[in-house]
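In full-length UniProt numbering, the protein residues as written are 1 to 1117.
All C-beta atoms in this analysis are idealised placements derived from N, C-alpha and C, irrespective of residue type, glycine included.
Beneath this line is the structure, given in structure tokens, with notes to follow.
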Amino acid sequence: MKPLKLALSAFGPYADETVIDFTQLGGQGLFLVTGDTGAGKTTIFDGITFALYGETSGGVREASMLRSKYAKPETPTYAEYIFEYKDAVYTVKRSPDYERPKTRGTGMTTQKGEALLTFSDGRAPVTKLKEVNQTVTDLIGLDMKQFTQIAMIAQGDFRKLLLADTEERSNIFRKLFHTDIYKVIQEKLKFEAGGLDKAYKELLRSIRQYTEQVRYSTEDQLGQQWILMEKNGFEGNLEEGLEILEQFLKVDKETLKNLNKQIKENDKELEKVNQLLGKAHKEADAKARKEQLLQEKEVLLPQLEQAQKAAENGAKEPEEIQRLMLSIQKEKENLERYTNLENLLRETEKASLQIEKLGTDGTELQNRQKEMNAVLEEKQKEYQTTDGTEKEKAETDFRKEKIDTLYAGIYKNCGNLEFLQTKISELKIQSGQEEQLAKQIKKDLTDLEEKIVSGGNLEIKENSLVVRLQQIQKIEDQQKRYQDLEKKAESKKKAYLTASQKRAEIKEILNKMEQAYLDGQAGILAAGLQDGMPCPVCGSVHHPKLTQTPKEVPTEEQLKKQKKLTEATEKAASDASVQAGEAAGLMQRCREELTEGVKGYIAQFLPEEETQEILRKELPDHELCLFVKNQESSVQTGLEEIKKQKKVHQDLLKKKEEFITQSEQHAKEFQKLQISLEKRKSQLESIQEQLQNQLDEPVLTWIHEEDIRQRMKTDPELSQDYSGEIVYQKEICNVSQALLQGKRAAEWLKQQQNILGQKQKDLTAFLEQRKLLEMQIGKTQTELTTITDQINQNQQQTAAEKSRYEQLQKQRENMEKELGERTKEEILSQIQLKTEEQKKLEIHYKTVTEAREVLEKRMTELDSVIASLTEQLKESISISAEELNVQKENFAQQKKSLSENRDEVHARLEINSDMYEKIRRQQTELLKTETRWKWMKSLSDTANGTITGKARIMLETYIQMQYFDRILARANIRLMTMSSGQYELVRRKENKSRVGKTGLELDVVDHYNGTVRSVKTLSGGETFQASLSLALGLSDEIQSSSGGIQLDTMFVDEGFGSLDEDALDQAIRALKDLSQGSRLVGIVSHVAELKERIDKKIIVTKKRTEDGVGSTICIEG
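Printed below as a string of structure tokens:
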């Protein structure tokens, strides 16, 4: 970023508009901002920072304090900053809230803060405060805090970047060097590891669900082992559980095999019994069937003999039937001859009638031929009278066409002239009206804009109240969380007390048991001692008082069990203590955060006097929270009121847009009317010229002369001078004259149109009559030809019909001779009688034949079946059907019992097989998931810096460390120069506490004594040197990074006063080296030596004149 111009108006000590043209400084090198104390040197940097971010460079002055106390009331307050960034120019203008005189009436009103960012490439400007702030941050790549640590180091800000912790430096480097992608990788690895952990636990849960569905017998040893493993959740012995499940499957498969074998053997025995039962039933059925068939044979035998006798009697009937069929055929042939004779008689009669009709038609045709010849002759004579009409019609049409064309052109142009005269008058009136409306709308728009200006700060008020409401809600959430933590801490405390009490009780029992156990052991030793025997404990041979064995002595196993119980209660109490401590710590931290949040809210949103009063009272936390909660209703009311005001403001803006639209529309309409007016005038001139040309047409004179000649033909007495009469004037001076002459010519041409039109009608009628005659003649000739053809055809048909009639007469005579005297009715009667006799014989013969065949077939079937049954009954069984049924029931019961057992085993085998496969699959997936989880967790711990016993350096921090090392290398070039080789900045290699985020801490090496210590131990001047070096090193690294932020300018506000003469020389030399090339470095300082060493200066002077107090700017060099 390179500054081009800064304009400050009523800003700080600058009462009037003051413009600083940075281009006069040459665009590169070192320049000094110097002047009187309080004149406004730092205000220049405040103006730049305020224009960019809406805040001052040092963060001390608030935006509301920027209004100049020396400015006139009507002078606006703003800071306008024009700068160049990456070959593009940007202008940002911003004003704070300040009081100004009302535009109407008396008194003051608050002018709300505004911001405007414009672009040199034609993009739409940005106007809203938040959007301007965000756009500037995105453009430069630095937010307010980073800008004041890197590009503009304000008073008191030298130490901030130098003394920042890892977290703060990481945030800065993330923005500058775009390392956020590594942070995303860290989070993704952490998320992936967590997902795999959940998947692993889910697989364990799934396996437990499958094991619960396994079916087994609890009576055998394998079942007992399975129950024990199931209680332990198969933890650590899943493979052993699968082996037991395999044994379950193996036993069930063997059992199922044996059951299937038993069922198969039972089915074979049952099948044998069923076969014997079936055979017994078949024998009984065969005996009954044979008896029945024998009885049927005895009944059918007499019937068969009778049928055979009847069939023998009817054996000659087929010959008689054949004879009758031949006789009937002959009679049918005679009947057909009678039919042919009747048809021949009808044809003969028809031929006679046709001959008679043809004679009549021939006579009529000859008479018609004579009449048509007479009509044809008459029409031909009438047609000859219309010769010459077509030529006259063509000449008339030609004249009429010329007149029509000329009349249409003259008439149209006369109409257009009249229309354009009227339209031009209307356009002049409309143009005046639009001009007057535009003036009125412009006046209304000016009044409306004054109202809109007064409501421009509603967005800021609303945002402030929303932030305030969010802060209240945040405090309420913190209070709720504190209450929950308080309850949890109390619960954990009670749990600890209970566990502690239980621990003491169990411990007391253990102590008693141990004492009893020891006493019991001593009693056992004492029982075997006698005087003179050495004691195995003390070695004494005298035993005056032997220990007695207690009544109840615990066993060693009971003692071990009690010790384990004691250890468990001890651990439970310890865990409860830790949990209670953690809960109390969380509650305390939450309480402190809540208190800080409430105090922060009060300090941020309440007036300073009210804030001090509340804090002096030192109210309890719950009263402070209640006070903040009571603020919520007033904030909500304020938001509702602002919403109403915003609606009114939006309505005004909408109305403004409507006025602007109307104004633009009226302006466009006025412009359109002007264009239309000029266009109409041009059209008027063009049409007037066309009309003049039409009146000068030679064809008009020719038509007039031709009209005279035609009239003289019909009226020879007309004077020869008549042909020279003038219809119109040749010379036309203006539009009115042209219109008058055009109308006269059009009127005369209209008369000619009417005359010629009537003549065209008459000639057209003659031509139509001629065409009609021509058609009639052709039609008559055609009819004559047709009649002649018809006469010839009639004659031919008459001769043919006469020949046909004679042939038919001869055929009739021959047929009558063949038939003789028998009538048709007699022949029909014979055919009917013989046909009936034939049918009777056929029915009788068929009946007796079929009856014999049916009976013979049935007798053959009976003989065959009886023989078969006799053969079957030769072999019979010895056991009865009742005994067989008893055996069948026994086998069926055995099969049912075996099948039930088999189904139970099969179902268990199916379920257990399915569970085995699922558990085996889940076990495989579990091992894969466990392997991947261990690998992913290790990778996540490495990337997120959570490896136990190692420094908490995250992946993003590691990348940033490389940038930081390069920054320090560049910074040390200048620091070593400034400190004469004494100091060198180094990144701290390890964090001794191993707590919190590490990797970007900073130490300093003192080469004079060879020590490494914290940068916080440097003196004021040394701190300035180190801070300046670090800022310059960071600037260099940013410039050199590919695609990095472009910082062409750096501002340093004070700090040089803490340097001695040698250190000052070194600092100036370093800054001059920095400003080589295209970089500009600005320094604010009172140091006199700097005024002598730096040629380019911005001198700020505070003056008091008759007009008032104010500061001015002067640029030197």
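Return the bridge partner residues of residue i from the DSSP annotation.
i            : result
residue 408  : Its beta-bridge partners do not exist; DSSP assigns none.
residue 11   : 14 and 67
residue 35   : 1100
residue 1050 : 1081
residue 414  : DSSP output for residue 414 lists no bridge partner at all.
residue 1112 : 1101
residue 986  : 1003
residue 100  : 109
Taking 8 Å as the CB-CB limit, is residue i close to chain D?
i          : result
residue 92 : Annotation note: the requested chain D is absent from the structure, which comprises a single protein chain.
Take the Cβ of residue i as the centre, count every other Cβ of all protein chains shown within 10 Å, and call the residue buried at 16 or more, exposed below.
i            : result
residue 39   : buried
residue 1024 : buried
residue 325  : exposed
residue 1082 : buried
residue 281  : exposed
residue 719  : Bear in mind that the predicted position of residue 719 carries a pLDDT of just 47, short of 50, making it too unreliable to give a figure here.
residue 226  : buried
residue 943  : buried
residue 87   : exposed
residue 318  : exposed
residue 607  : exposed
residue 956  : buried
residue 184  : exposed
residue 73   : exposed
residue 77   : buried
residue 238  : buried
residue 232  : exposed
residue 313  : exposed
residue 414  : buried
Using the Cα positions of residue i and residue j, report the straight-line distance between them to the nearest angstrom.
i           : j           : result
residue 561 : residue 495 : 24 Å
residue 53  : residue 477 : 31 Å
residue 762 : residue 781 : 29 Å
residue 948 : residue 250 : 49 Å
residue 150 : residue 42  : 17 Å
residue 199 : residue 929 : 7 Å
residue 961 : residue 568 : 47 Å
residue 726 : residue 741 : Its pLDDT being 44, under 50, residue 726 is placed unreliably in this model, and the value from its coordinates should be taken loosely. The straight-line gap from Cα to Cα measures roughly 12 Å.
residue 852 : residue 297 : 15 Å
residue 767 : residue 739 : 41 Å
residue 367 : residue 348 : 30 Å
Just curious, the beta strand (DSSP E) that residue i is in, first and last residue?
i            : result
residue 111  : 108-111
residue 897  : No beta strand (DSSP E) contains residue 897, which is instead part of the alpha helix (DSSP H) from 881-944.
residue 80   : 78-85
residue 302  : Careful: residue 302 lies outside any beta strand (DSSP E), inside the alpha helix (DSSP H) at 238-313.
residue 969  : Here residue 969 belongs to no beta strand (DSSP E); instead the alpha helix (DSSP H) covers 955-978.
residue 1014 : 1011-1014
residue 1004 : 1002-1006
residue 115  : 114-119
First and last residue of the alpha helix (DSSP H) that includes residue i?
i            : result
residue 91   : That residue, residue 91, is in no alpha helix (DSSP H); its beta strand (DSSP E) goes 88-95.
residue 337  : 317-384
residue 174  : 166-177
residue 131  : 129-140
residue 210  : 180-212
residue 46   : 41-53
residue 229  : 221-231
residue 1089 : 1088-1093
Note to self: So within the stretch 811-876, which uninterrupted alpha helix (DSSP H) runs reach at least 4 residues, ignoring any that extend past its ends?
What the structure shows: Taking only runs of at least 4 residues, the alpha helix (DSSP H) segments lying wholly in the stretch 811-876 are 824-872.
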